[in-house]
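Mapping of the sequence shown onto our numbering: position 144 corresponds to residue 391, and the numbering continues sequentially without gaps. Ideal Cβ placement from N, Cα and C applies to all residues, glycine included. Since we're looking at a predicted model, the values are computed, not measured. Report on one structure; see the data block that follows.
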Amino acid sequence: MLPAQEAAKIYHTNYVRNSRAIGVLWAIFTICFAIVNVVCFIQPYWIGDGVDTPQAGYFGLFHYCIGNGFSRELTCRGSFTDFSSLPSGAFKAASFFIGLSMMLIIACIVCFILFFFCNTATVYKICAWMQLTSAACLVLGCMIFPDGWDSDEVKRMCGEKTDKYTLGACSVRWAYILAIIGILDALILSFLAFVLGNRQDSLLAEELKLENKVLLSQSSLE
């Protein structure tokens, strides 16, 4: 093999190894993001009471608990299977979009199986679009959720000064912050998946060129 062809082969091998390593990291962080998404969806700690709130309690997307003012016990209500139990239409819409985001990212992980049967670049691009759509659903859910803060149940916990996009005496809790961080995570993952998909396309082109060069060199030697 000629020196130039040997150098090209070494470069190609390193290129493949690096792409696979980045792909493995992308898959691991996609699974981590799915866990974050599930936690944000099921945990009822999006907003909660503060020092000056009339009642103790906390609110999630579809489950909330509020005290009665006479004891430390909290009365809990709300279920994702029963939308009528949610105190606001905004909470229903936010639950739908965050739930859809969760289902999309789980479906993306299921699509990892396609790497064994389909073109790698195509699978990366399918996953990229799913992750981008998941991020968009998260954005919608996080933006719509505060629109329900003017409901009677939230005002009962946070005070009469509470209104849409104004929490009054309450405060934002960790699940809401985690969902906002998840938006950035999903955007980065989708961008990386698009890059990996395009790299796979160029990798196939490089493999064809390398094979052609090897065939030409062998034919010239003969």
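By the 10 Å Cβ neighbour count, where 16 or more other Cβ atoms means buried, how is residue i classified, buried or exposed?
| i | result |
| --- | --- |
| residue 272 | exposed |
| residue 275 | exposed |
| residue 265 | exposed |
| residue 431 | exposed |
| residue 374 | buried |
| residue 421 | exposed |
| residue 389 | buried |
| residue 359 | exposed |
| residue 328 | exposed |
Could you give the first and the last residue of the continuous beta strand (DSSP E) run that contains residue i?
| i | result |
| --- | --- |
| residue 323 | 321–324 |
| residue 304 | 304–306 |
| residue 395 | Run containing residue 395: none; DSSP gives neither H nor E here. |
| residue 312 | 311–314 |
May I have the straight-line CA-CA distance separating residue i from residue j, to the nearest angstrom?
| i | j | result |
| --- | --- | --- |
| residue 386 | residue 354 | 19 Å |
| residue 295 | residue 268 | 41 Å |
| residue 347 | residue 380 | 9 Å |
| residue 471 | residue 383 | What is shown of the chain runs 248 to 469, which leaves residue 471 out entirely. |
| residue 331 | residue 364 | 44 Å |
| residue 311 | residue 325 | 6 Å |
| residue 403 | residue 289 | 23 Å |
| residue 210 | residue 356 | Because residue 210 is not part of the residues shown, which for the chain are 248 to 469, the question remains open. |
| residue 408 | residue 340 | 24 Å |
| residue 434 | residue 418 | 27 Å |
| residue 462 | residue 446 | Because the pLDDT at residue 462 is just 49, under 50, the model does not fix this residue reliably, and the value given afterwards should be weighed accordingly. When rounded, the distance between both Cα atoms is 24 Å. |
| residue 400 | residue 437 | 37 Å |
| residue 372 | residue 428 | 23 Å |
| residue 299 | residue 416 | 6 Å |
| residue 270 | residue 309 | 35 Å |
With a cut-off of 8 Å on the beta carbons, I'd call residue i and residue j a contact; round off their distance for me.
| i | j | result |
| --- | --- | --- |
| residue 283 | residue 425 | 6 Å |
| residue 395 | residue 335 | 3 Å |
With distances taken Cα to Cα, identify the nearest neighbour of residue i among the options.
| i | options | result |
| --- | --- | --- |
| residue 314 | 302, 324, 307 and 306 | 302 |
| residue 391 | 375, 413, 408 and 370 | 413 |
| residue 286 | 345, 336, 299 and 334 | 345 |
| residue 321 | 336, 335 and 305 | 305 |
| residue 366 | 277, 270, 444 and 281 | 444 |
| residue 377 | 361, 400, 447 and 352 | 352 |
| residue 398 | 436, 278 and 333 | 333 |
| residue 337 | 423, 416 and 393 | 393 |
| residue 277 | 369, 291 and 349 | 349 |
| residue 292 | 442, 369 and 323 | 323 |
| residue 441 | 370, 405, 423 and 361 | 370 |
Quick one: give me the first and last residue of the alpha helix (DSSP H) that residue i is part of.
| i | result |
| --- | --- |
| residue 388 | 367–391 |
| residue 339 | 336–357 |
Are the C-beta atoms of residue i and some chain D residue less than 9 Å apart?
| i | result |
| --- | --- |
| residue 345 | As a matter of chain content, chain D is missing from the structure shown, which is built from one protein chain. |
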